[in-house]
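Chemist: Numbering (the UniProt record's numbering), first residue to last: 1 to 843. We put the CB at the ideal spot given by N, CA and C, even for glycine. The structure displayed is predicted, hence computed values, not measured ones. Here it is: the structure, laid out below.
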């Protein structure tokens, strides 16, 4: 179906119809040229369409009728559409179609707003793809159901779950008793499959709308002035009621944005959400059948793992498999402490009540409602399961949701989606407890490779990028070059070989019951895809750690922990993102970097991860006008050289100016600011401020402690986005306030300048480094000998090096008051720094 809208001004000549002929020629030449075509709007032609053979009165009308015949279009409106006072005039608004046999009905409707044109309503018999309305099943409390549920769960005989004299599985008994306790306190509701009205369309508005429609039909039939006046009065009342109801709805939703954010973000998420694909290309044809698409996704995710992964022999792992160091002591064996009732209660309190249930059907809000009664039996069951390495079969099931990868990938291709698994909530609670205890064992015994910054306490993208920026800027400061390789692995999480990871775990002291539990957790897993309410068939999961599980990222970090062994160059990692780089003093350094790349390729082949040379990028950091041309190869393919590359969301260029990144950030932030400006016109000012701080500020400040620009023009570009935002926020309050100077507007909104916020974030990161929250390599920060609470001054020859966090650290830190430098916690440090008005210029 091709739907078009065309407005022809009254004095426009007939040349427009020649252009329309060319347009329809292009449409007809396409593969979809046979599609249905509807063209409508005001043509401003005075043709008598009640005649069986309409006749033109001038040359323009003659050309129009000729064009209609050329395009094989038929005009279906026969009633006047223009109103002069209370008198109907000519048929100026037309409705053209290619196949009039598909028309069911056409009629007039009340005009919109103060228009003097009557609306046209038509019904067609088309087979159009529509957005699927998904029917969902939800569990709701009955009246007084929460108190009743707590009593029922507290009185349940949970001790029977641990009665080993019975023949029942303890977890089966737990689920049976839990659902029995819920039976009298909750009920199941299936959402309607019918399209619902907007939430601000009240019953009164629906009644007024029906009454207005009746009054219009009566007035258009009788042409009585009294009837027209009554209709217009009712129409004004209807519009006023809709405006008031819509504004009240938005104000009510905005007022609950902080206390009940789910409703707020759902509304704005629906406005922001890109149109999802309704048809997918499967087997060379397009289909919109949800069941077919779900089965195709299920098969695609099952077959996406490289074939060699299943046949690779387990690698020979050195002990310990952490980065090489000269130590002779043996690695301590991980002995997990028993799970306590307090541990379970704390884990349940962290659950999001609105999260979706897993394959077992238990939603988080039910567990939170009766956490006090369930903590003890769950702790006993967790200890029982862990000691015997027993996992319920339902915990090995996963509902997979396809999530679009973004980055401009086509919406209708299966390759553009990654699988995100939804597992059982009780299993996630247990994973959280086990993962916390294993991570503590690994961190205390220093078994993690220090280059890994992903999914580790105290480390983040910000810590990785700050170290990378300092090393690269130091190379420029010493008039050297640095070669950077951003390495990409294809489907890394989905390619983890279960036998390989189980072979590596004993090297970390993970053995005995823990190793058996992990083996049971990974083995015999199954998954199915949920697409728009349709489920695919179950598929066995042979390899990979489930994305969406709690322990999956930890197992992946352990799997790739030994990748950095024998690497002579610098390497930084965030999960599967690897940055290999080296300062170039001579040609030998490039040979070493190439050898390290070959070692990583060999490691990937042995361990079953597929390195993707097509997406691996080489970036040369240099200020030379004619740098040396270098070629790096991986798996026999040349690595593509780039002038800039995106590393963990930040654009790096060859001179570390970050101009490309500031341009990227400003464009993205401006689009988001324009979006919230358009959608908050009917809302109070605090709603705009909430959206700005939630959507725009994170874009402007992501890792800004690393790339904070020293160039004045870049600082102004960043600040201009907030300048416009302050005007909009105050304009919603008082039009005169929006004309105040920028600093006054900031004071009125209690906002801070972006450059001061970036300075604040740099100091917070520095506090984390100096107080051991984030580990920092030796030599990056040096304490002063005279005053250990301060830092020793550092000097840089170039501007790019002087902007490094570790070079600026003495200026950032030494000018703070003693109370801030010695603050016992990050939160207290933030409060003290906010109250410290430091006007010292860094640039």
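Just reading off the alpha helix (DSSP H) that residue 598 is part of, what are its end residues?
Modeler: Its alpha helix (DSSP H) spans residues 587-607.
Chemist: Can we say the segment 420-436 touches the segment 541-554, given the rule of at least three CB pairs closer than 8 Å?
Modeler: Contact between the segment 420-436 and the segment 541-554 is present, because at least three Cβ pairs lie under 8 Å.
Chemist: Check each candidate in 558, 590, 759, 574 and name the one with the smallest Cα separation from residue 568.
Modeler: Selected option, being the one with the closest Cα: 590.
Chemist: Can you give me the C-alpha to C-alpha distance between residue 613 and residue 595, rounded to a whole angstrom?
Modeler: Each residue's alpha carbon lies about 15 Å from the other.
Chemist: How would you call residue 403, buried or exposed, if buried means at least 16 neighbouring beta carbons within 10 angstroms?
Modeler: It counts as exposed.
Chemist: Over the uninterrupted alpha helix (DSSP H) stretch that includes residue 807, give me the two end residues.
Modeler: Unbroken alpha helix (DSSP H) run through residue 807: 805-814.
Chemist: Anyone know if the C-beta pair for residue 673 and residue 696 falls short of 8 Å?
Modeler: Yes. Within cutoff.
Chemist: State the DSSP-derived secondary structure class of residue 308, mapped to helix, strand or coil.
Modeler: With a pLDDT of 48 at residue 308, under the threshold of 50, the predicted position of this residue should be treated as unreliable, and no value is reported.
Chemist: Would residue 648 and residue 464 qualify as a contact pair, given that the criterion is a beta-carbon distance under 8 Å?
Modeler: It is a contact, given that the beta carbons lie within the stated cut-off.
Chemist: Alpha carbon to alpha carbon, how far is residue 441 from residue 603?
Modeler: Those two C-alpha atoms are separated by around 26 Å.
Chemist: Tell me the DSSP secondary structure of residue 119 in three-state form.
Modeler: Of the three classes helix, strand and coil, the one that applies to residue 119 here is strand, per DSSP.
Chemist: In three-state terms, what does DSSP make of residue 525?
Modeler: In this structure, residue 525 counts as strand in the three-state DSSP scheme.
Chemist: Specify the secondary structure class of residue 834 as computed by DSSP and reduced to three states.
Modeler: Three-state DSSP puts residue 834 in a helix.
Chemist: Give the secondary structure of residue 637 by DSSP, where H, G and I count as helix, E and B as strand, and everything else as coil.
Modeler: Three-state DSSP puts residue 637 in a strand.
Chemist: DSSP three-state label for residue 139, please.
Modeler: Note: residue 139 maps to strand in three-state DSSP.
Chemist: Verify whether the separation of the beta carbon atoms of residue 608 and residue 500 is less than 8 Å.
Modeler: Against a cut-off of 8 Å, the Cβ pair of residue 500 and residue 608 comes out as a contact.
Chemist: At the level of alpha carbons, what is the spacing between residue 119 and residue 213?
Modeler: The straight-line gap from Cα to Cα measures roughly 12 Å.
Chemist: Within the chosen definition, does the segment 96-107 reach the segment 67-78 through at least 3 CB pairs nearer than 8 Å?
Modeler: Taking 8 Å as the limit for Cβ pairs, the verdict is that the segment 67-78 does touch the segment 96-107.
Chemist: For residue 731, does the three-state DSSP call read helix, strand or coil?
Modeler: Correct three-state label for residue 731: helix.
Chemist: Mind the definition here: the segment 619-627 touches the segment 516-534 only if three or more C-beta pairs lie below 8 Å; say whether that holds.
Modeler: No: the two stretches stay apart, fewer than three of their Cβ pairs being nearer than 8 Å.
Chemist: Report all residues from its chain with a CB closer than 8 Å to the CB of residue 865; omit the five preceding and five following residues, and keep chain order.
Modeler: In the structure as shown, the chain starts at 1 and stops at 843, and residue 865 therefore has no counterpart that could be examined.
Chemist: Identify whether residue 506 lies in helix, strand or coil by the three-state DSSP scheme.
Modeler: Helix, per DSSP.
Chemist: Please report the residue range of the alpha helix (DSSP H) in which residue 675 lies.
Modeler: Unbroken alpha helix (DSSP H) run through residue 675: 659-679.
Chemist: Sorted by chain position, which residues of the same chain lie with C-beta nearer than 7 Å to residue 474's C-beta, five sequence neighbours on each side aside?
Modeler: 801, listed in sequence order.
Chemist: Pick out whichever of 62, 77, 11 has its Cα sitting closest to the Cα of residue 41.
Modeler: The residue with the shortest Cα to Cα distance from residue 41 is 77.
Chemist: Taking its Cβ as the centre, do 16 or more other Cβ atoms sit within 10 Å of residue 15, making it buried, or is it exposed?
Modeler: The residue is exposed, with fewer than 16 neighbouring Cβ atoms inside 10 Å.
Chemist: Where does residue 426 fall in DSSP's three states?
Modeler: Helix.
Chemist: Could you check whether the segment 645-662 touches the segment 695-713, counting it as contact only if at least three pairs of C-beta atoms, one from each stretch, sit closer than 8 Å?
Modeler: Segments in contact, yes.
Chemist: Residue 541 lies in the beta strand (DSSP E); which residues open and close that run?
Modeler: Its beta strand (DSSP E) spans residues 539-541.
Chemist: Rounding to the nearest angstrom, what Cα-Cα distance links residue 340 and residue 153 in this structure?
Modeler: Distance between the alpha carbons of residue 340 and residue 153 is about 19 Å.
Chemist: Can you list, in chain order, the residues of its chain whose CB lies under 8 Å from that of residue 57, leaving out five sequence neighbours each side?
Modeler: Only 46, 47 meet the Cβ criterion.
Chemist: Between which two residues does the beta strand (DSSP E) containing residue 570 stretch?
Modeler: Note, residue 570: beta strand (DSSP E), 570-574.
Chemist: Would you identify the three-state DSSP class for residue 42, choosing helix, strand or coil?
Modeler: Strand, per DSSP.
Chemist: Go ahead and label residue 55 buried or exposed: buried means 16 or more other beta carbons lie within 10 angstroms of its beta carbon, across all protein chains shown.
Modeler: Exposed is the call here.
Chemist: Answer yes or no: do residue 710 and residue 803 have a C-beta to C-beta separation smaller than 8 Å?
Modeler: Closer than 8 Å, so yes.
Chemist: Rounded to whole angstroms, what is the Cα-Cα separation between residue 844 and residue 12?
Modeler: What the structure shows of the chain is the stretch from 1 to 843, and residue 844 is not part of that stretch, so it cannot be assessed.
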